[in-house]
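Novice: Residue -8 is where the sequence shown starts when you use my numbering, and the numbers rise one by one after that.
Using N, Cα and C, we set each Cβ at its ideal position, and we do this for glycine too.
Keep in mind it's a predicted model, so treat the numbers as computed, not measured.
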Amino acid sequence: MKHRGRHRRRRRGAALRAVLAGTALALTAAATLISASQAGVAENPGALKPLTSPADTGPLRLQEHLVPAPTLNRLAASMGHPVGVDAVLKDADRTLREGADCTAEDRATLPVTPDTDRAYCWDRSDATATAWRPASVTTSGDADDDGVWGTHRVILTGWTHSTTTGPAAERGLARVAFVDADDPSRPAYRWVLLVVPVDGGRDYRGLASRISGMVWHQDKLLVTTTSGSAEALYVYDLDRIQRTTVDGAAIGRVPGGWSADGYRYVMPAVGSYRFAAGRCTASGPPCPGALSLDRGTAPDTLVAGEWTAPGGDRHSRLWRYAFSTDPARTGLLAADGTGRVDAVEAYRTHAAGIRGVLSYRQPGQARPSWYVGRPSGSMDGHGGLWRQDTEGATAAHCGSEASHHCWAASAGSLSYWQGTGEVWSLSDRMLFAMPLAALDRSLG
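(1) Enumerate, from N- to C-terminal direction, the unbroken beta strand (DSSP E) stretches of 3 or more residues contained entirely within the segment 76 to 161.
(2) Ends of the beta strand (DSSP E) at Asp431?
(3) Quick one: grab the DSSP three-state call for Pro318.
(4) Quick one: using the 10 Å Cβ neighbour count with 16 as the cut-off for buried, is Glu161 buried or exposed?
(5) Assuming Gln54 contacts Arg265 (C-beta within less than 8 Å), just tell me the rounded distance between them.
(6) With a threshold of 16 other CB atoms inside 10 Å of the CB of Ala251, please say whether the residue is buried or exposed.
(7) Throw me the rounded Cβ distance for the Val186 and Arg201 pair, which I believe falls under 8 Å.
(8) Reducing DSSP to helix, strand and coil, say where Thr385 ends up.
(9) Could you tell me how far apart the beta carbons of Thr340 and Ser307 are, in whole angstroms, since I believe they sit closer than 8 Å?
(10) Determine the contact status of Glu222 and Ser274, defining contact as a CB-CB distance below 9 Å.
(11) What does DSSP give as the partner residues of Glu297 in its beta bridges?
(12) CB-CB under 8 Å to Leu42, same chain, minus the five flanking residues each way: which ones, in chain order?
(13) Roughly how many angstroms lie between the CA atoms of Cys93 and Trp182, to the nearest whole one?
(14) What are the start and end residues of the beta strand (DSSP E) that includes Asp327?
(15) Where does Gln353 land, buried or exposed, given buried means 16+ other C-beta within 10 angstroms?
(16) On the criterion of 16 or more Cβ atoms from any shown chain inside 10 Å, does Thr235 qualify as buried, or is it exposed?
(17) Could you check the C-alpha separation between Asp228 and Arg177 for me, to the nearest Å?
(18) Which full runs of the beta strand (DSSP E) of 3+ residues lie inside the segment 181 to 206, going along the chain?
(19) Since Ile242 sits in a beta bridge, which residues does DSSP pair it with?
(20) Kindly indicate which three-state DSSP category Ser406 falls into: helix, strand or coil?
(21) Hey, is the segment 403 to 417 in contact with the segment 81 to 88, meaning 3+ C-beta pairs nearer than 8 Å?
(22) Could you tell me how far apart the beta carbons of Val206 and Leu198 are, in whole angstroms, since I believe they sit closer than 8 Å?
(23) When the Cα atoms are used, what is the spatial distance from Leu282 to Ala295?
(24) From Gly138 to Leu147, what does the alpha carbon distance come to, in whole angstroms?
(25) When you compare only the Cα positions, how much space is there between Leu101 and Phe423?
(26) Where Gly355 and Thr119 are concerned, what is the direct C-alpha to C-alpha distance, given to the nearest angstrom?
(27) Can you say whether Ala46 is buried or exposed, counting buried as having 16 or more other CB atoms within 10 angstroms of its CB?
(28) Between the Cα of Asp304 and the Cα atoms of Leu323, Val58, Gly344, which residue gives the shortest distance?
(29) I need the boundaries of the beta strand (DSSP E) containing Asp228, first residue and last residue.
(30) Among all the DSSP beta bridges, which residues are the ones paired with Ile232?
(31) Reducing DSSP to helix, strand and coil, say where Leu305 ends up.
(32) When you compare only the Cα positions, how much space is there between Ala91 and Ala110?
(33) Quick one: does Arg286 have its CB under 9 Å from some CB of chain B?
(34) Under the assumption that Thr104 contacts Ser433 (Cβ atoms under 8 Å), give the Cβ distance between them as a whole number of angstroms.
As C-alpha cells, then:
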C-alpha cells in the first residue's frame, strides 16, 4: 500500500510539473509573440510629418557650383575628345550572371517577398573584390522618357571602395558600372572611375566619397557625397567621359599621359551642390543618403532621404528638389539667379538608417506614397521596406506574421523605370528588379 501511495504521489507530482511546464511554455510563447509584436510596432516609421516652416526647410537649401567651362575644356583638350555612353558599352569587358547561375549565398540576399522578376550577380572578379561595395542604382528609364540612351537600355550602379582596407590609393574611391541591358539574358558592363578636375583642368583626382545614392537625369548623373565637406551632390556629364592612356596605379596626369588606377575610362565632375548652411549636423543640414527620380511631378524632381544611424534616436528627413526646365541647364536642379536651390517638399519620418527611397503617386492618389528601405537591426539579415504617407505606414509580412524583415539584405537605393513599371534595387551581391505592382501588393 505504501508503495502504491508513493507511486500515486509521484504521478501527481509529475502531472503537476507537466502542467507548470506547459504553463511556462505558453507564457514564454505569449511573451515571444508580444515581444515580436512590440518589435514590429517599434519598427513602424508611422505617418509622414510635413515640414513647412523656414526653420525646417532652410537647412535643405543648396548652393550650386559649376566647374568653369575653360577648366573642362582644358582637361578635354589634354586627354582627347570625350566619348559617350555608347563607346563605354561597346567596350564592355564583364558579364552579369543570371540568378540561376549565382551562388546560394548570392541568392540568399534577395528579397523574401515579393519575388524578383530579374536577378543578376556580378562577374566573379568583382564579386570577390570585397573591398568594393555597391549601394546605388539608376537607369536610362530615369534619363529619358523612352527608356533608352541612344539605342541602348542602360543600368548604372555606383560602388565605393572601403576606407580601411585595400591599397591606400584606392580607399574611398567611387566607380560606376555601365551595364548594357539590351539582352536581359546576358547584360555586359564596363567600369568608369569618378574623378574631380583640379588645377584648372590640368589634372584630376579620384572622387573619394561613398555614393549611397545617384540619379541619371537627361545628360547628367547626380551622386551623393560624404567627403567631409559641405558638398551634398556631385554632378557628372554623360557626354564628357574620357579615355585614359596609361595603365598604371596612379590617378591623374602622369609621365606619358593619363592614368586612373587601371581603369580605361574616367568621368570628370562638372559641378556640385553644397548645403548653404554648411556640413550636415543633427540640427542643421541632413547627411544625404538615398536618391531617386520622380517623373510623376511637374517638373521632374530629385527625391532624397537623409542618412541616420540604424536603430538610433535621430529620425530622418525626406525631401525633393525640382529639376530645371531651362534647355541650357539640362539635368541640373532648378536654381535662382544666385544658384540657390530650395526644397519644394519635405517630411519627417520615424525611420532611421534609410538605404533606399522612392516617391510615386498612384493614379487617383492625391499625394504620392514614399517607399523607404531600411537595413535589419543586426545589419547582417534582411531589411524592411515600408510604404509611407501622411496617414501611416505599411510593410510586407514574411515568415513569422510579426516579421517585416522581407526586403533584400544590405539593400541599396531604389529606382523606378516608368516605361516598364519595374523597381530596380541591389543587395551587396545581387542586382534585381520587380514590378512596382507586385511590390505594392506585398505591402498590403
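Specialist: Per the coordinate set shown:
(1) 109 to 112, 123 to 130, 145 to 152
(2) Counting along the chain, Asp431 falls outside any beta strand (DSSP E), though it belongs to the alpha helix (DSSP H) covering 427 to 433.
(3) helix
(4) buried
(5) 5 Å
(6) buried
(7) With 8 Å as the limit, Val186 and Arg201 do not qualify as a contact, their Cβ atoms being about 16 Å apart.
(8) strand
(9) 5 Å
(10) no
(11) Pro279
(12) Thr48, Arg308, Trp310, Ala337, Tyr338, Arg339
(13) 21 Å
(14) Here Asp327 belongs to no beta strand (DSSP E), and DSSP marks it neither H nor E.
(15) exposed
(16) buried
(17) 27 Å
(18) 194 to 197
(19) Ala251
(20) strand
(21) no
(22) Not confirmed; about 16 Å, so no contact.
(23) 5 Å
(24) 13 Å
(25) 8 Å
(26) 46 Å
(27) exposed
(28) Gly344
(29) 222 to 228
(30) Val74
(31) Looking at the sequence shown, residue 305 is not Leu but Arg. DSSP places Arg305 in coil when its eight states are reduced to three.
(32) 9 Å
(33) Protein chains in the displayed structure number just one, and chain B is not present.
(34) 5 Å
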